[in-house]
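Asks: Okay, here's the structure, questions in a sec.
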Amino acid sequence: MKPAITHVIYDNDGLLLDTEPFYTRAHEILAARFGKVFDWSVKCRMIGLRAEDSARVLIDSLSLPITIPEYLDARRHILEALFPQSEPLPGAVRLTRHLHAMKVPQAVATSSDRHNFELKITKHRDWFSIFECIVFGDDPEIAHGKPAPDMFLMTARRMGAEPSRCLVLEDSPFGVQAARAAGMYAVAVPDPHMDDSAYPDAHQIIRSLNELDLPAWGLPPLPEIEYDRSTTEEERP
Numbered sequence: 211m212k213p214a215i216t217h218v219i220y221d222n223d224g225l226l227l228d229t230e231p232f233y234t235r236a237h238e239i240l241a242a243r244f245g246k247v248f249d250w251s252v253k254c255r256m257i258g259l260r261a262e263d264s265a266r267v268l269i270d271s272l273s274l275p276i277t278i279p280e281y282l283d284a285r286r287h288i289l290e291a292l293f294p295q296s297e298p299l300p301g302a303v304r305l306t307r308h309l310h311a312m313k314v315p316q317a318v319a320t321s322s323d324r325h326n327f328e329l330k331i332t333k334h335r336d337w338f339s340i341f342e343c344i345v346f347g348d349d350p351e352i353a354h355g356k357p358a359p360d361m362f363l364m365t366a367r368r369m370g371a372e373p374s375r376c377l378v379l380e381d382s383p384f385g386v387q388a389a390r391a392a393g394m395y396a397v398a399v400p401d402p403h404m405d406d407s408a409y410p411d412a413h414q415i416i417r418s419l420n421e422l423d424l425p426a427w428g429l430p431p432l433p434e435i436e437y438d439r440s441t442t443e444e445e446r447p
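This is the structure:
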């Protein structure tokens with residue numbers, strides 16, 4: 211029996227927009243200032259966390275002689291120059307615009323704060339206007355970030371959705387854990403470097419949003435069109 215999905219919720223960083231390389235670059239630069247190397251063994255434990263939590267992981271992992279506020283301030287100066295260059299990941303625009311056209315309510319639940327999110331969507335405001343609501347990591351009504359379920363439960367509440375009828379698309383293990391803790395269905399779209407074993411709670415693992423089988427979730431299928439027509443101007447280089 212197909213799940214009766216009525217609402218779809220997306221993470222943003224590394225799922226809709228290709229922003230993870232920006233974070234990686236900023237962390238590499240700052241770690242190097244202290245003679246340290248930021249690599250995947252540290253990054254994989256930071257994906258999906260709110261800024262303060264991810265900074266704590268990095269500082270503790272590399273034993274950096276810096277406070278969390280100091281680190282975040284230094285990182286901010288680097289990221290603010292990079293975020294406006296953000297581009298969509300494969301399949302993101304096509305999928306979300308299709309579901310919007312089919313009247314399927316959609317939302318974004320991101321660990322990013324509102325200020326950084328606004329920088330990331332600088333070139334994509336028309337696209338992001340299709341989402342029914344966007345919930346940010348610095349929302350005062352959210353006590354705990356992912357992997358706690360707070361963010362997804364708040365998103366469902368603001369959409370007027372039953373958690374059990376929500377499908378969450380996430381790239382991070384923490385995000386998948388949060389979705390499951392919220393009583394929702396979770397599809398993982400991992401970073402290519404992330405091992406599938408990091409997602410034991412995912413209902414499904416796919417390589418890109420182009421692989422999402424909408425009918426399997428009780429959602430309207432994408433139209434059958436040629437591959438070279440499947441992207442919009444927003445997705446093309």
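Numbering of the sequence shown is given in the numbering used here, commencing with residue 211 and proceeding in unit increments.
Ideal Cβ positions, reconstructed from N, Cα and C, are used throughout, including at glycine.
Predicted model, so just to flag it, every value in this text is computed and none were measured.
By alpha-carbon positions, which one of 339, 336, 334 and 361 ends up nearest to residue 345?
Replies: The candidate whose alpha carbon is nearest that of residue 345 is 361.
Asks: I need the straight-line Cα distance from residue 225 to residue 244, nearest angstrom please.
Replies: Straight-line Cα distance between these residues: approximately 31 angstroms.
Asks: I'd like to know whether the C-beta atoms of residue 413 and residue 399 end up nearer to each other than 8 angstroms.
Replies: Against a cut-off of 8 angstroms, the Cβ pair of residue 399 and residue 413 comes out as no contact.
Asks: Label residue 302 either buried or exposed according to how many other C-beta atoms from any shown protein chain fall within 10 Å of its C-beta, with 16 as the threshold for buried.
Replies: Buried.
Asks: Should residue 221 go down as buried or exposed, given a rule of 16 or more other Cβ atoms within 10 Å for buried?
Replies: Per the 10 Å Cβ criterion, buried.
Asks: Measuring straight from C-alpha to C-alpha, what distance separates residue 365 and residue 273?
Replies: About 36 angstroms.
Asks: When the Cα atoms are used, what is the spatial distance from residue 246 to residue 430?
Replies: Cα to Cα, the separation comes out at about 49 angstroms.
Asks: Shortest alpha-carbon distance to residue 335 belongs to which of 354, 252, 227 and 242?
Replies: Nearest option by C-alpha distance: 227.
Asks: Using 8 angstroms as the threshold, is the C-beta distance between residue 388 and residue 323 below it?
Replies: Cβ distance not < 8 angstroms, so residue 388 and residue 323 don't count as in contact.
Asks: By how many angstroms is the C-alpha of residue 251 removed from the C-alpha of residue 298?
Replies: Going by the C-alpha atoms only, they are around 26 angstroms apart.
Asks: Along the alpha helix (DSSP H) that carries residue 233, what are the first and last residues, could you check?
Replies: 230-243 is the extent of the alpha helix (DSSP H) around residue 233.
Asks: Check the C-beta distance from residue 257 over to residue 381 and give it rounded, since I have them as a contact under 8 angstroms.
Replies: About 7 angstroms; that satisfies the 8 angstroms criterion.
Asks: Less than 8 angstroms between the C-beta atoms of residue 279 and residue 329, yes or no?
Replies: For residue 279 and residue 329, no; Cβs fall outside 8 angstroms.
Asks: By the DSSP assignment, the beta strand (DSSP E) with residue 377 in it spans what residues?
Replies: Here the beta strand (DSSP E) through residue 377 covers 376-380.
Asks: Where residue 350 and residue 392 are concerned, what is the direct C-alpha to C-alpha distance, given to the nearest angstrom?
Replies: Answer to the nearest angstrom: the Cα atoms are 19 angstroms apart.
Asks: What three-state label does DSSP hand residue 412 in the structure shown?
Replies: Looking at residue 412 - three-state DSSP - the assignment turns out to be coil, as it is neither helix nor strand.
Asks: How would you write the range of the alpha helix (DSSP H) that residue 316 sits in, first residue to last?
Replies: Segment 316-319 is the beta strand (DSSP E) holding residue 316; no alpha helix (DSSP H) there.
Asks: Label residue 218 either buried or exposed according to how many other C-beta atoms from any shown protein chain fall within 10 Å of its C-beta, with 16 as the threshold for buried.
Replies: Buried, by the Cβ-count rule.
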